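Below is one structure, written out as structure tokens; comments come after it.
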Amino acid sequence: MKTRYIAILVLAVALGSAVSAQKYSTDAQIDGYRGQVKMVEQTTYEASVSQDAMVHGDVLERLRTEYNSKGLRRNMSYLSTEDSLIFRTRYKHDGFGLTTLEQIVDPAEKIIGRTYYLYDAKNILTESYVEDEERQTENRILVKYDAKGRVSARSYNDAFNNVYKREYYTYGADGNVSTTVVYDAEGTKVQEWRYEYDEHAQPVSQTLYDYTEQEPEVFFSLYKYRYDDQGNWIQKVEYELEGASARPTYITERRIEYFK
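One rule links them: number in our numbering = place in the sequence shown (from 1) + 29.
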């Protein structure tokens, strides 16, 4: 279950950054926040049901993100259940406020990884690549756009620039990503994701069609949110459908601080 949660989290990050790639947005806006967000502490738990009530289970992930007054990320810290630092990501921006470099550092502030972001003459992201601790390239992502300036495709390449995965995005009338289709290195469709959204542009349902097994599998996920006065969600509960019933699987809670 934890492995699947991480896969969903990674895709959610890509989904969130797919919409706002053409025109400039602050990091906080790209991350989906409204208002002058200063800090977000986010904790994800396994969920279970006890005596017909939903309860918090084991902690899966703890994350703290800090922004400056311009909405740019200062750092993102991954924490243990005891609130000790596992590693953190610190950011560098150019004069336009665009992220140019992410440095992953361990608790001793030693750099253990880097991600570089490249832009064209119109300040549109075209490529990112990851280096390991020894400054060796691990992989790179190439980005393409549709006629409206929205991300239409991402190509995931290995250290030798060989494609090992491609993702293609389509959008609904509301401007949100409606489908993500994933292909492997041979051009075979391996996954398809479909989404529906609420009035806050947050996904309320997600359907995964997994073609990696001999018999294709379908996974349904539902989401319920609680929002604060700024319109940012502070609790998200994920449910999986089991027959005619929905079982809670994950609870994610946020504590958000704003600039005054």
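Every residue gets a Cβ at the ideal spot worked out from N, C-alpha and C, and that includes glycine. Computed from a prediction, not measured in an experiment: that's the story for all the values here.
Problem set entry | Counted within 10 angstroms of its Cβ, other Cβ atoms place Glu162 as buried (16 or more) or exposed | Taking the first residue of the sequence shown as 1, we reach residue 162 at position 133. Of the residues assessed, Glu162 falls on the exposed side of the cut-off, its CB having fewer than 16 other CB atoms within 10 angstroms.
For this session: Look at Tyr238 and Val247 and say whether their C-beta atoms are less than 8 Å apart.
Result: Residue 238 sits at position 209 when you count from the first residue of the sequence shown. Residue 247 sits at position 218 when you count from the first residue of the sequence shown. In contact: Tyr238 and Val247 (Cβ atoms closer than 8 Å).
Problem set entry | Cβ pair Asp149, Ile141 closer than 8 Å | Here residue 149 refers to the residue found at position 120 when the sequence shown is read from its first residue. Here residue 141 refers to the residue found at position 112 when the sequence shown is read from its first residue. Not closer than 8 Å, so no.
Problem set entry | Per DSSP, the bridge partner or partners of Asp187 | Along the sequence shown, read from residue 1 onward, the residue named residue 187 stands at position 158. Asp187 is bridged to Asn168.
For this session: Indicate whether Val219 and Asp227 have their beta-carbon atoms separated by less than 8 Å.
Result: On the sequence shown, position 190 is the one that residue 219 refers to. On the sequence shown, position 198 is the one that residue 227 refers to. No. Outside cutoff.
Exercise. Distance, Cα to Cα, Ala273 vs Leu101?
Worked result: Position 244 of the sequence shown holds residue 273. Position 72 of the sequence shown holds residue 101. Roughly 44 Å between the two C-alpha positions.
Exercise. With respect to the beta strand (DSSP E) encompassing Ile153, which residues constitute its N-terminal and C-terminal limits?
Worked result: Within the sequence shown, numbered from 1, the residue matching residue 153 stands at position 124. Per DSSP, Ile153 belongs to no beta strand (DSSP E) and is neither H nor E.
Exercise. Ala57 by DSSP, collapsed to three states: which one?
Worked result: Position 28 of the sequence shown holds residue 57. Ala57: helix per DSSP, three-state reduction.
Exercise. Which partner residues of His122 appear in the DSSP bridge assignment?
Worked result: Residue numbering aside, residue 122 sits at position 93 when the sequence shown is read from its first letter. His122 pairs with Thr128.
Exercise. Which runs of the beta strand (DSSP E) fall wholly inside the stretch 197-225 and span at least 3 residues, in chain order?
Worked result: 206-213
Exercise. With a CB to CB cut of under 6 Å and the five nearest residues on each side skipped, what residues in its chain are close to Thr281?
Worked result: Within the sequence shown, residue 281 is the residue found at index 252, counting from 1. Thr73, Lys265, listed in sequence order.
Problem set entry | Proximity to Thr129 [Cα-Cα], best of Lys139, Thr118, Ala137 | For the purposes of this step, residue 129 is taken as the residue at position 100 of the sequence shown. Of the candidates Lys139, Thr118, Ala137, the one whose C-alpha sits nearest the C-alpha of Thr129 is Thr118.
Exercise. By Cβ distance, which residues of its chain are closer than 8 Å to Asn190, with the 5 residues on each side in sequence left out?
Worked result: Here residue 190 refers to the residue found at position 161 of the sequence shown. Here the set comprises Arg169.
Exercise. Span of the beta strand (DSSP E) holding Asn104?
Worked result: What you label residue 104 is simply residue 75 of the sequence shown in a count that begins at 1. Start and end: 102-108.
For this session: Give me the Cα-Cα distance between Pro277 and Lys151, rounded to the nearest whole angstrom.
Result: Residue numbering aside, residue 277 sits at position 248 when the sequence shown is read from its first letter. Residue numbering aside, residue 151 sits at position 122 when the sequence shown is read from its first letter. Pro277 and Lys151 have their C-alpha atoms spaced approximately 44 Å apart.
Exercise. When you compare only the Cα positions, how much space is there between Ser98 and Lys289?
Worked result: Within the sequence shown, residue 98 is the residue found at index 69, counting from 1. Within the sequence shown, residue 289 is the residue found at index 260, counting from 1. When rounded, the distance between both Cα atoms is 10 Å.
Problem set entry | Assigned secondary structure, Tyr62 (DSSP; H/G/I helix, E/B strand, else coil) | Taking the sequence shown and counting its residues from 1, one reaches residue 62 at position 33. In this structure, Tyr62 counts as coil in the three-state DSSP scheme.
Exercise. Among Val192, Glu196, Gly178, Tyr193, which one has its Cα closest to the Cα of Gly204?
Worked result: Numbered from 1 along the sequence shown, position 175 holds the residue referred to as residue 204. Of the listed residues, the one whose Cα sits closest to Gly204 is Gly178.
Exercise. Rounded to a whole number of angstroms, what is the C-alpha to C-alpha distance between Asp175 and Val210?
Worked result: To locate residue 175, count along the sequence shown from 1; it is residue 146. To locate residue 210, count along the sequence shown from 1; it is residue 181. Taking the straight line from one Cα to the other gives about 15 Å.
Exercise. Nearest-angstrom Cα distance between Glu90 and Ile115?
Worked result: One-based indexing of the sequence shown puts residue 90 at position 61. One-based indexing of the sequence shown puts residue 115 at position 86. The straight-line gap from Cα to Cα measures roughly 11 Å.
For this session: Answer with buried or exposed for Ile35, where buried requires no fewer than 16 other C-beta atoms within 10 angstroms of its C-beta.
Result: Within the sequence shown, residue 35 is the residue found at index 6, counting from 1. Below a pLDDT of 50, predicted positions are generally treated as unreliable, and Ile35, at 39, falls in that range; no measurement from the model is reported.
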